[in-house]
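Peer 1: This is the structure, below, for whatever I ask next.
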């Protein structure tokens, strides 16, 4: 029987955004970024109250369909605890539907909030599993949970009945590496962008991406001079260029100048990984074109704190 959590306990979770794929590592590589959402979850006597500030405040639901609320309930169930009611306050800085991991961060925040309220009975692997289940792939969620860079994968049970198992390991990041995000002022649907991908690719392209993914794991740890080569891709970005023309234009423009640029997740953000400053004139051109320029560091893991109101 589930244990009741007492009224007045409050979990405050600070969760980083993330970038997935990092060029060739489709649904595999992820990187936590220093742009944060904060979620406060207080146990109240009854009902559900949801407040939203910042990004998505005009669009996101304020009921049980909110992803954070769904993730909280998933975490509470996994921890075998219950609550009489919840007050959830979301302060969002991560741009919504821009390829910076906003949905994964919401899922992570909800699961970690539940785990914090319950006294942290869930392991890190369990938090990754529960959070990734909302996405269907672990690259973004694992990055937000573990911090830094991650290599992730999905194990599909052979029985065809059990749920997929999401795995990830943390990868240390060279301390000189930082990121610059060029964020367009429009959304991109992950599902819509995935639909343009082919069901089959050539062996040549698959081999190309396997090698570049291997290069990228070395580049991000200790050889940042290989970032440009390590972010090359033939599996997804070429196919997405037609539906993300602004993103493709800026990725190509940046790469032609020698910067390790790629589509962040499903876009439309273009992300640069660099050890040097990006040319300010180029960034000014991006701003004039209507893109928001955000300079970022590599972030650490999600943090949860328990207090009593």
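In this note's numbering, the protein residues as written are 608 to 916. We treat Cβ as the ideally placed atom computed from N, Cα and C, and that holds for glycine.
Would you grab the beta carbon distance between residue 712 and residue 666 for me? Rounded to a whole angstrom, and I think it's under 8 Å.
Peer 2: Taking the chain shown and counting its residues from 1, the one referred to as residue 712 is at position 105. Taking the chain shown and counting its residues from 1, the one referred to as residue 666 is at position 59. That belief does not hold up - the Cβ atoms of residue 712 and residue 666 are roughly 16 Å apart, past 8 Å.
Peer 1: Which of the three DSSP states, helix, strand or coil, is assigned to residue 845?
Peer 2: To locate residue 845, count along the chain shown from 1; it is residue 238. Residue 845 falls in the helix class under three-state DSSP.
Peer 1: By the three-class DSSP mapping on this structure, what secondary structure does residue 887 have?
Peer 2: As a working note, residue 887 is residue 280 in the chain shown. Residue 887 falls in the helix class under three-state DSSP.
Peer 1: Quick check on the DSSP output: what are the complete beta strand (DSSP E) runs of length 3 or more inside the region 725-773, in order along the chain?
Peer 2: Counting whole runs of 3 or more residues, the region 725-773 contains the beta strand (DSSP E) stretches 756-762.
Peer 1: Kindly list the residues whose CB is nearer than 8 Å to the CB of residue 865, restricted to its own chain and excluding five residues on each side of it in sequence; keep chain order.
Peer 2: Position 258 of the chain shown, counted from the first residue, corresponds to residue 865. Within the same chain, 835 come within 8 Å of residue 865 by CB-CB distance, once the 5 residues on both sides are set aside.
Peer 1: Assuming residue 836 is part of the alpha helix (DSSP H), what are its boundary residues?
Peer 2: Position 229 of the chain shown holds residue 836. Boundaries of the alpha helix (DSSP H) harbouring residue 836: 834-837, taken from the DSSP string.
Peer 1: Please name the residue or residues paired with residue 616 in a DSSP beta bridge.
Peer 2: Residue 616 sits at position 9 when you count from the first residue of the chain shown. Residue 616 pairs with 915.
Peer 1: For residue 787, list the residues DSSP reports as bridge partners.
Peer 2: Reading the chain shown from its first residue, position 180 is the one you call residue 787. According to DSSP, which records beta bridges pairwise, residue 787 is partnered with 879, 902.
Peer 1: Using DSSP with H/G/I as helix, E/B as strand and the rest coil, what is residue 674?
Peer 2: Within the chain shown, numbered from 1, the residue matching residue 674 stands at position 67. In this structure, residue 674 counts as helix in the three-state DSSP scheme.
Peer 1: In this structure, how does DSSP classify residue 661 when only helix, strand and coil are distinguished?
Peer 2: For the purposes of this step, residue 661 is identified with residue 54 of the chain shown, where counting begins at 1. Reduced to three states, the DSSP call for residue 661 is strand.
Peer 1: Going by C-alpha to C-alpha distance, which of 800, 715, 756 sits closest to residue 683?
Peer 2: As a working note, residue 683 is residue 76 in the chain shown. Scanning 800, 715, 756 for the CA closest to the CA of residue 683 turns up 715.
Peer 1: Within a Cβ cutoff of 6 Å, which residues of the same chain sit near residue 747, ignoring the five residues on either side of it in sequence?
Peer 2: Here residue 747 refers to the residue found at position 140 of the chain shown. Only 625, 627, 637, 708, 711 meet the Cβ criterion.
Peer 1: By DSSP's criteria, residue 699 is part of a beta bridge. Which residues make up the other side?
Peer 2: As a working mapping, residue 699 is identified with position 92 in the chain shown. BP columns for residue 699 point to 661.
Peer 1: Assign residue 820 to one of three DSSP states: helix, strand, or coil.
Peer 2: Taking the chain shown and counting its residues from 1, one reaches residue 820 at position 213. If DSSP states are grouped into helix, strand and coil, residue 820 belongs with the helices.
Peer 1: Tell me the DSSP secondary structure of residue 576 in three-state form.
Peer 2: Since the first residue of the chain shown is 608 and the last is 916, residue 576 is not available in this structure.
Peer 1: Have a look at residue 750 and residue 823 and give me their C-alpha separation to the nearest angstrom.
Peer 2: As a first step, residue 750 must be located in the chain shown, where it is residue number 143. As a first step, residue 823 must be located in the chain shown, where it is residue number 216. Approximately 16 Å between the Cα atoms of the pair.
Peer 1: If I follow the unbroken beta strand (DSSP E) through residue 966, where does it start and stop?
Peer 2: Given that the chain is displayed from residue 608 to residue 916, the structure contains no residue 966 and the question cannot be resolved.
Peer 1: What number of angstroms, rounded off, separates the C-alpha of residue 901 from the C-alpha of residue 783?
Peer 2: Counted from its first residue, the chain shown places residue 901 at position 294. Counted from its first residue, the chain shown places residue 783 at position 176. When rounded, the distance between both Cα atoms is 17 Å.
Peer 1: Pull up the DSSP beta-bridge partners for residue 694, would you.
Peer 2: The sequence position of residue 694 within the chain shown is 87, counting from 1. Answer by DSSP bridge pairing, in chain order: 649, 656.
Peer 1: Please report the residue range of the beta strand (DSSP E) in which residue 867 lies.
Peer 2: As a working mapping, residue 867 is identified with position 260 in the chain shown. Taken as a continuous stretch (DSSP letters only), the beta strand (DSSP E) holding residue 867 covers 867-870.
Peer 1: Do residue 662 and residue 703 come within 7 Å of each other at the CB atom, strictly closer than that value?
Peer 2: Indexing the chain shown from 1 puts residue 703 at position 96. Indexing the chain shown from 1 puts residue 662 at position 55. Yes; because the gap between Cβ atoms is below 7 Å, this pair is in contact.
Peer 1: Pull up the CB-CB distance for residue 791 and residue 875, whole angstroms please, since I reckon it's below 8 Å.
Peer 2: Here the question's residue 791 lines up with position 184 in the chain shown. Here the question's residue 875 lines up with position 268 in the chain shown. So it is a contact: roughly 5 Å between Cβ atoms.
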